[in-house]
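At position 51 of the sequence shown (counting the first as 1) the number is 51 in UniProt numbering, and the numbers step up by one without a gap. Working notes, beginning with the structure itself.
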Amino acid sequence: MDNNIFEQLKAMVVDQIGIDPAVIAPESDIIKDLGCDSLDIVDMLMSVEETYGVTVEDKDVSEMRTVADVVAFIEAHRTK
């Protein structure tokens with residue numbers, strides 16, 4: 001896993017939902033562990049699309065349960 005992407009994603013989550021960065025780990029479940037709701041997830045994924053030049057389809061969202069899943073998606077699809 002690309003640690004730079006993880007740290008950038010972690011910063012996005014902290015900015016958007018105001019969570020303590022110490023509780024964000026690669027294996028953190030976005031909903032259960034971080035307490036994100038659907039609006040938080042949409043905001044995060046919009047930031048991911050803009051930052052990394054990826055397009056997140058509806059079918060992709062259901063496969064992104066953990067922070068590591070989002071990082072893996074970015075690694076596989078980024079253009080920036």
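Backbone N, C-alpha and C define an ideal beta-carbon position, used for all residues, glycine too.
Residue i to residue j span [Cα, whole Å]
| i | j | result |
| --- | --- | --- |
| M64 | I74 | 11 Å |
| S62 | E7 | 22 Å |
| K32 | P21 | 16 Å |
| S28 | N3 | 15 Å |
| D58 | E50 | 16 Å |
Test item: CB-CB of residue i and residue j under 9 Å
| i | j | result |
| --- | --- | --- |
| L9 | V67 | yes |
| V23 | V48 | no |
| I5 | D40 | no |
Cutoff 7 Å; reference residue i; Cβ partners in own chain excluding five residues on either side
| i | result |
| --- | --- |
| V13 | I19, I24, L34 and M44 |
| D60 | F73 |
Contacting residues, own chain, Cβ-Cβ under 8 Å from residue i (five flanking each side not counted)
| i | result |
| --- | --- |
| M1 | P26, A68, V71, A72 and E75 |
| T79 | Y52, G53 and V54 |
| M46 | none |
| A11 | P21 |
6 Å Cβ shell around residue i - same chain, five flanking residues per side excluded
| i | result |
| --- | --- |
| I30 | C36 |
Whole-number beta carbon distance between residue j and residue i, since they are thought to touch under 8 Å
| i | j | result |
| --- | --- | --- |
| H77 | V42 | With a Cβ gap of about 18 Å, H77 and V42 do not count as contacting. |
Residues bridged to residue i [DSSP beta-bridge criterion]
| i | result |
| --- | --- |
| D29 | T66 |
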